[in-house]
Amino acid sequence: MSAPDRRSRFPASQARKGGRSGDAPLAIVERPATLVQVTARKGRQAELAAAIGKALALELPEAGRVATAADKTALWLQPGSWLIEAPAGQRRVLPASLTQALNGIAAVVDQSHGRCIIEISGAEARAVLARLCRLDLHERAFAVGHSAATLVGHVSCLIHRADGETTCFRLLVGSTFAEWLLDEITAAAASYGWSFNSAGEAAA
Amino acid sequence: MLARPEPIADRYSAWRLLTESLSSNRGWKPAWRKPEPKPAYDVIIVGGGGHGLATAHYLASVHGITNVAVVEKGPIGLGNAGRNTTIVRSNYGLPSNTRFYEWSLKLWEGLEQDLNYNVMMSQRGVLNLFHSDSQRDATARRGNSMRLQGVDAELLDREQVRAMAPFIAIDNPMFPIFGGLLQRRGGTARHDAVVWGFARAADRRGVDIIEHCEVTGIRREGGRVIGVETTRGFIGAKKVGVAVAGNTSRLATMAGLKLPVESHLLQAFVSEAIKPMIDSVVTFGAGHFYISQSDKGGLVFGGDLDGYNSYSQRGNLPLVEHLMGAAVSMIPSMSRLRVLRQWAGIMDMTMDSSPFICKTPIDGLYFNGGWCYGGFKATPGSGWCFAHTIANDAPHAFNADLTIERFRDGRMIDERGAGPNPWAQ
Amino acid sequence: MTSRRLPAGGLIDRSKTIRFSFDGRELSGHPGDTLASALLANGVRLVGRSFKYHRPRGIMTAGPDEPNALVELREGARREPNSKATEIELHDGLVSRSQNRWPSLAFDVMALNALAGKALSAGFYYKTFMWPKRFWETLYEPLIRRAAGLGRAATEADPDHYEAMHAHCDVLVVGSGAAGLAATRAAGEAGARVILCERDALVGGGLLICPQHQAWHAEMLAALKALPNVEILPRTNVFGYYDHNLLGGLEQVADHRREPGEHEVRQRYRTFRAKQVVLAAGASERLIALPGNDRPGVMMAGAALTYLRRFGVAPGENVVVFTNNDSAYETALALAEAGLGQVTLADVRPQSELAGVVAARGVQVRLGTEVAGFDGKVALLRPRGGTLGDPVVADLLCLSGGWNPNVQLASQSGAKTRWDATLASHVPGEPVQGERSAGAARGLFGIGAAAHDGAEAGEAAATAAGFQSKPGFALPELGRSEQALAPLWEVKAPGKSFVDLQHDVTAEDIRLAHREGYAHIEHAKRYTTHAMATDQGKLGSLVGAAILAEARGEPVEAVGVPTHRPYTMPVAVGALAGHTSGAHFQPVRRTALHDWHLRNGAAMQPTGAWLRPFYYQKPGETGWAPIFREARAVRSAVGICDVSTLGKIDVQGPDAATFLDRLYINSFSTLAVGKCRYGVMLREDGIVFDDGTTSRLGDEHFLVTTTTGNAAPVLEHMEFHAQTVWPELDVQFCSVTDQWAQIAVAGPKARETLAAAVEGLDLSNEAFPFMGVGEGTIAGVPVRLFRISFSGELAYEVAVPSSQAETVWEAILAEGKPFGIEPYGLEAMSLMRVEKGHAAGPELNGQTTAADLGMGRMMKKAGDVIGRVLASRPGLADPGRPRLVGVRPVDPAQRLRGGAHIVGEPGSGTSLGWVSSVTQSIEHKCWIGLALVENGESLKGQRLFAVSPLHQESVAVTITSPHHVDPENARVRA
Amino acid sequence: MHLIPCPYCGQRPQDEFHYRGDATVKRPAPDAGEQAFYDYVYTRENPRGWHDEWWHHYAGCRQWIKVRRNTLTHAVAASAGPADALPEATP
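Chains as they are written, first to last, in our numbering: chain A, 42 to 245; chain B, 461 to 885; chain C, 89 to 1062; chain D, 283 to 373.
And the structure:
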């Protein structure tokens, strides 16, 4: 029964492209994932880091940073708290295994369905975000590996810059805000044009 | 309750206007004198805004107390009296408020004749819109409360709102208009004229209006006030009334008091002048937005506080963006109109969004403050009640509930139920 | 009317002709024209009427300072009143109309006001219209309102789009004249991220009318284009300077075309967060008050030069140039060189180094001379201070009273302005934020001086922003230093001398204000409305201040200037709203089942941020029918409802129970694992804050639910207390509202329905009693079940990972089908909660205590609880306070109204309380309600009246228990 | 749009925060009595000048941070985490 796990947050009726047909359209892709929030118990942060290192071979990053190892990524959320991202296929196993591994060390909460990941890429990705977000996302100020929890399109998002040739930002947004955010992104991208692929359709 | 206005010198009349115009307006006298402070007064009012000047006027005209000084740190009327959105109404739901504001509205209705000054009081109606069934019920509770106390109020349905204000987006997607509460006797007045009118009337009865005289201390002796220290020296007084809006806490500190007050920033805006578009005052329950059109043609509008303690009269952009969004959402044809100016005032926010006009633990010291968003409409009522309280050393029934002790006693007058969070009121 | 276009010259494209209309007349111009230059080229002199006296007015400036030439631009939904002709780029098909005149521009009835001029002096409103009392609102005010105002607003919604854009830079440069360009290049070459904003369509400022610096101008533009770290924004006015070095700007993306292109915004609101700012916005020329200085044919000298050089238009033929400074000599020279008619230059100064130069080119120079009047045809020249004048024929009077540096942004930034006696003007003072002014904006005039100053400012700004400078580009030579101006504000002579043309404020009005005691600059301004019009008084505000100073017998600097506040130029409301209006005004939340609701006939309504199904309408159903159908299904069989919007907070940690005990008035440390409990929390002031059920999932693990509206505030409240008040407690929180969709299954058949759907959990009453919590699967999806009820029926809530909500929802629907399961919306839920007597939003309104709502006894005996202490204040502990009760009409046919007040007798004005919620009960077949009534407990069974004067209704009601249905609570335990 | 220096996230625009006023008042002990709670909830210094106050970084790291901000100039001098102290005084 893993098929429903990958179900998109967006309705089938969601438009797949729009805006002006320009040369640098924005590519928007929904990326389903497994997301687990781990929050250290009081004074157990070092133990948490060690346990995550042991269980996932992942180093917990400092504030405002992202760390990746193999198929896992750790994103700093708040003091003592991180979000662990893994492929969507691990939704049934990762929360449970982490709960076990971190027993007494951290609160472990499954957020795989609580947050939706929207990836936007293209030459104008930063210009589109400049319409939605007040942070300076210029590469001088916000490089690959940086992350920020901030407001995008007036809703809370965790944003980070992905590695790669094309400018690409990944936005983690509360899943009940996902449709709103997509609307905001497509409106902001109207003058460049945009395409959208929902979960399952993405060329994974 | 009103004393007959005494004949005042230099009266404005049609005849006077005509003769002056024929002599190139050479004969007009200053609207108020610029006296030097006397060594002592019976009463000193601290704060030359609308409330302070109104207090002086009513002390003189109602209570016959004319040995009065109003001391003001700058020129009169440039604080909140000169920075509001000029709305006058008494559409409150809690009886302690309704009583007071209705008396104030009644005074407004006779103010021009009382002051011999056209303050352009214009009862164009104040329409509060609501956007859901539960908001309708809460609004009806308020309207019915007004009606039970003899205050005018009407409940309009969608179609009546549409007919009265065709410029409103009735079917706004997030805030559809379900109806409105209309107080026809509400409206607007010309804010500066209110200050000048009270100043002129008080001055004519002998009140000294002393500008550029900042109070730096409140001198007390044995639990009793004896005068104020100022930048122009000590001035003695048997009684001191403080009406300084956003600076209330600073004056309280001088008297060794600590009040349930925070100072917050409220912005207002005016558009370029256009031909008549909006006839009444319209307020939106959603999006926190209120608007009217001035006689000059500008749309005057405002919204929420900037949301943090401030004594700076500098507005900030988040509120601007939000308010303009609300404006276009509610009145789509405003989109292409240009906003000409913005300004900001310092609101003396209390912990329940209602004011106080009261005695203090110090004999002879009285405080008038906590006006939150609503000081302008209160101007005559506040002055009248404050004058009564000072003259009699006891409140009138109109302001009996407007005490500071109500917080200690758990008798808050919290219209919106926002709680002791001034930034969220 | 003859063409005024010169045979050659200007930055216009003469190869193309574009057509436009003014007051219905078809006219033509060229790309590069403004509406004003095109009107002048077509010989149009009269363009508007003034505000108060409706005097005829012409084009006075060539830029944003224009007081007169305001038009209604475009038509229909795109109509824009009060548009400055001097700022409108001409485009094909442009439609414009003059305003504030009736019936026509040439003949305006309201011009009669001018005859009553003396009675209409400043402040006349305040002294009159008071007799008789009623006439103000019925007669005078409507007349004033009709006469006032300028253009007409559109009446339809704006079809165009707007957006906001937020930029960051090391150095922001405002203004692209010589100073701005040099500053931009200096900072750009140092490696800083630079943004240059220019209000105009063309970059160059004063360089655009300086033929001798063309080459340098071109070289600078090319150099800037080559710098990838420099962004140039033309048509972008910076309107405000806010705290923390944030500036606001408006980019006019498509205003120079008839309408925006597809997917193009009309205007873009921009913010600039700059480490450093260089303000190089130039200077504004000021007028001289003299009789007739408002006549069509009066123009600022600098504007006349612009029309000649930039637009190739002759603003007049026989011209008198009246000045007190050197700058107007260039205008006189350019006019003479254009070879139009006689050019006379009147300089109040007794000597001028430039007199010989311009005289040699045919300008008649009259030194020590002033202009004492102008009527549109003849200017009256006389010796300075003299009385007798000689008439000089002139169709154009150019004025230059000196230049005011544009200090508005510097002043807005918090820097106090400083008086410069040499310039007789204010200049920027000490910066308080990261800004500096350069060039004419700080009183350094001339291209050379401005360029040098700009380069230094750019370099300094870059250094301050952390960049090593390497300025290495050529700058124009410093010009000769100018001769000092002779301050001149007014030429006193009979007639109206204006200091504010748009608001019709005269020098005499200022003196009258002073005589009447309105002597402070702010009082005088407000009394006369001086400098409060759409031109922000840029031409005459200092002139008015100087006249006031003279009346006060003080120097100009002593009167000060009114505070500068946004906006430097008026900004469209729609632009400031950006994209954030209408459906985009605030974020909208959708539950995981949103699409299902839409596909199944739900009437979706906004509730707070959420869109929720109010009911599901079937064909033929009207009014309350769908609500009754849905509620009946729940009361008689089974219904299913999306309750995902409830706030859900995961609370863990060794001290989680202790923490919740302090948060809620009742205890959670005593709650068994696998059970849930209803709880109430207070604000610290003792008023009820929120309620909901909390489940214990493990010893150290709770799941708190909140009301929909309070989900975020409750989490913040928890975080506040955990982080700052009790940091010693080991407790962790996170919101799981979006992780879990939640589905209520309610009704006598709820157990049977769910039992068929759920695997892995025994739902029998014994195994899973009321307030039980358990886990199982539905359609293979792991779910969590809670046996709780809002409707008052046997009910469960199923929590499901939100991506799989629809799978589970469909599975439950399928199992419920044999029982007649119905999805139900918010309205049916609300109907049933009023029947059941559950307090909700209208009762938890921030004014009620737990005791008011009948839950006073939930307060535990001991222990620290937020709100406990202040809840015991006498006003809140008063047993006479309004208490929650039920109300029912004595006559079941009568309607109850929410918001009605409860009184003892019809006609009584004493309110005992109010009706907070009403519904039509399906169980009682009549309206029922919840009410808060003084001493309500003791009034049960009594007959009172629910009155709604707003509806002219009075209904006899019986006070009941709030629990209209199943007061014994048997159904939920069935 | 003010910038609030979050000790965890750096300079952030103010709309990422919710405000909660005076951070100098401390919640009294549960048995401190009505007057102490009255002062905690209601009375305020409300200074014109430097003001220590709570800001919640709700859209960021969700910490209730202390910020020393000038109510007259809107300048910000310092910030600290929820359980940390601000510097002694700001001139």
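Idealized CB from N, CA, C, for every residue including glycine.
- Message: Distance cutoff 8 Å, beta carbons only. Does V675 of chain B sit that close to anything in chain D?
- Response: So, not an interface residue.
- Query: Leaving out five residues before and five after S1036 of chain C in sequence, what residues of the same chain have Cβ atoms less than 6 Å from its Cβ?
  - Reply: Closer than 6 Å at Cβ, skipping near neighbours: R985 and A988.
- Task: Compute the beta-carbon to beta-carbon distance between G670 of chain C and G385 of chain C, rounded to the nearest angstrom, for a pair I have assumed lies under 8 Å.
- Result: With 8 Å as the limit, G670 of chain C and G385 of chain C do not qualify as a contact, their Cβ atoms being about 46 Å apart.
- Run the CB neighbour count on S772 of chain B, radius 10 Å, all protein chains shown included, and call it buried at 16 or more, exposed below. Flag for S772 of chain B reads buried.
- With 16 as the cutoff for other CB atoms within 10 Å, does P882 of chain B come out buried or exposed? P882 of chain B comes out buried.
- Message: Tell me which residues share the same chain as T796 of chain C and place their Cβ nearer than 8 Å to its Cβ, disregarding the 5 neighbours each side in the sequence.
- Response: Only T695, G696, W698, T733, L734 and G735 meet the Cβ criterion.
- Enumerate in chain order the residues of its own chain whose CB-to-CB distance from G429 of chain C is below 6 Å, with the five nearest sequence positions on each side excluded. These residues qualify, in order along the chain: E405 and N406.
- Query: When we look at the beta-carbon of F223 of chain C and count the other beta-carbons within 10 Å, is it buried (16 or more) or exposed?
  - Reply: F223 of chain C is exposed by the Cβ-count criterion.
- Message: Helix, strand or coil for M811 of chain B? Go by DSSP, reduced to three states.
- Response: DSSP places M811 of chain B in coil when its eight states are reduced to three.
- Query: Using the rule of at least 16 other Cβ atoms within 10 Å of the residue's Cβ for burial, across every protein chain shown, is Q302 of chain C buried or exposed?
  - Reply: Exposure of Q302 of chain C is indicated by the presence of fewer than 16 other C-beta atoms within 10 angstroms of its C-beta.
- Fully enclosed by the stretch 328–413 of chain C, which beta strand (DSSP E) runs are 3 residues long or longer? DSSP runs (the beta strand (DSSP E)) wholly in the stretch 328–413 of chain C: 334–339, 355–367, 371–373, 386–388 and 407–411.
- Is L335 of chain C near M784 of chain B, with beta carbons less than 8 Å apart? Taking C-beta atoms as the reference points, L335 of chain C and M784 of chain B fail to come closer than 8 Å.
- Would you mind telling me which residues of chain D sit closer than 8 Å to T80 of chain A, beta carbon to beta carbon, in chain order? Result: empty, since nearest Cβ-Cβ is about 11 Å, beyond 8 Å.
- Task: At 8 Å on the CB atoms, spell out the chain C contacts of A365 of chain D, in chain order.
- Result: Neighbours of A365 of chain D on chain C, chain order: Q811, T812 and P815.
- Please name the residue or residues paired with C174 of chain A in a DSSP beta bridge. In the DSSP output, where bridge partners are listed per residue, C174 of chain A has A:V193.
- Query: Looking only at its own chain, which residues have a Cβ that is under 6 Å from the Cβ of L711 of chain B, when we skip the five neighbours before and after it?
  - Reply: Beyond the five residues adjoining it in sequence on each side, L711 of chain B comes within less than 6 Å, by CB distance, of V702 and V704 in the same chain, given in chain order.
- Message: Which runs of the alpha helix (DSSP H) at least 4 residues long sit entirely within the stretch 784–830 of chain C? Give them in chain order.
- Response: For the stretch 784–830 of chain C, whole alpha helix (DSSP H) runs of length 4 or above, ordered along the chain, are 799–808.
- Query: So, does the CB of R603 of chain C fall closer than 8 Å to a CB anywhere in chain B?
  - Reply: Yes, its Cβ sits closer than 8 Å to a Cβ of chain B.
- Item | Interface positions of the stretch 764–781 of chain B facing chain D (Cβ-Cβ less than 8 Å), listed along the chain | Result list: G767, Y768, N769, S770, Y771, S772, R774, N776, L777 and P778.
- Sheet register partners of M769 of chain C (DSSP bridge): Residue pairing by DSSP places M769 of chain C opposite C:Y752 and C:D778 in a beta bridge.
- Near-chain C residues of the stretch 315–344 of chain D - C-beta to any C-beta below 9 Å: Against chain C - using a Cβ distance shorter than 9 Å - the residues of the stretch 315–344 of chain D are G315, E316, A318, F319, Y320, Y322, V323, Y324, W336, H338, Y340 and R344.
- Relative to the alpha-carbon of H789 of chain C, which residue among A:V149, A:E206, A:A190 and A:A240 has its alpha-carbon at the smallest distance? Selected option, being the one with the closest Cα: A:V149.
- Leaving aside the five residues before and after I637 of chain B along the sequence, list all residues of the same chain whose C-beta is less than 7 Å from its C-beta, in chain order. Hits under 7 Å: L589, H591, R618, V621, I628 and I630.
- Are there 16 or more other CB atoms within 10 angstroms of the CB of K905 of chain C, so buried, or fewer, so exposed? Answer is exposed; the Cβ neighbour count stays below 16.
- Excluding five sequence neighbours on each side, which residues of the same chain lie with their C-beta closer than 8 Å to the C-beta of S236 of chain A? Hits under 8 Å: R57, K58, P66, L67, A68 and I69.
- Message: Can you confirm whether the stretch 685–704 of chain B touches the stretch 641–650 of chain B when touching is taken to mean that 3 or more C-beta pairs between the two stretches lie within less than 8 Å?
- Response: No: the two stretches stay apart, fewer than three of their Cβ pairs being nearer than 8 Å.
- For S723 of chain B, three-class secondary structure by DSSP: Three-state DSSP puts S723 of chain B in a strand.
- Query: So which residues on chain D does M811 of chain B lean against when the C-beta distance must stay under 7 Å?
  - Reply: Within chain D, the residues Y324 have their CB atoms less than 7 Å from the CB of M811 of chain B, given in chain order.
- Terminal residues of the continuous alpha helix (DSSP H) containing E500 of chain C? The question names Glu, but residue 500 of chain C in the sequence shown is Gln. First-last of the alpha helix (DSSP H) with Q500 of chain C: Q496 to Q500.
- Message: Using the Cβ count rule (16 or more neighbours within 10 Å means buried), how would you classify L779 of chain B?
- Response: Burial call: buried.
- If we call anything under 8 Å between Cβ atoms a contact, is A728 of chain B one with N544 of chain B? Judged by their CB atoms, A728 of chain B and N544 of chain B are nearer to each other than the 8 Å cut-off.
- Go ahead and label W656 of chain B buried or exposed: buried means 16 or more other beta carbons lie within 10 angstroms of its beta carbon, across all protein chains shown. Taking a 10 Å sphere around the C-beta of W656 of chain B, we find 16 or more other C-beta atoms and assign the residue as buried.
- Rounded to a whole number of angstroms, what is the C-alpha to C-alpha distance between Q583 of chain B and G610 of chain B? Between the alpha carbons of Q583 of chain B and G610 of chain B lies a distance of about 17 Å.
- Hey, would you say G974 of chain C sits closer than 8 Å to G925 of chain C, going by beta carbons? Yes, the pair counts as a contact, with Cβ atoms nearer than the cut-off.
- Output yes or no for whether 8 Å exceeds the beta carbon distance between P880 of chain B and D818 of chain C. Cβ distance not < 8 Å, so P880 of chain B and D818 of chain C don't count as in contact.
- Item | At least 3 beta-carbon pairs within less than 8 Å: the stretch 959–973 of chain C vs the stretch 862–878 of chain B | Result yes; three or more Cβ-Cβ pairs closer than 8 Å.
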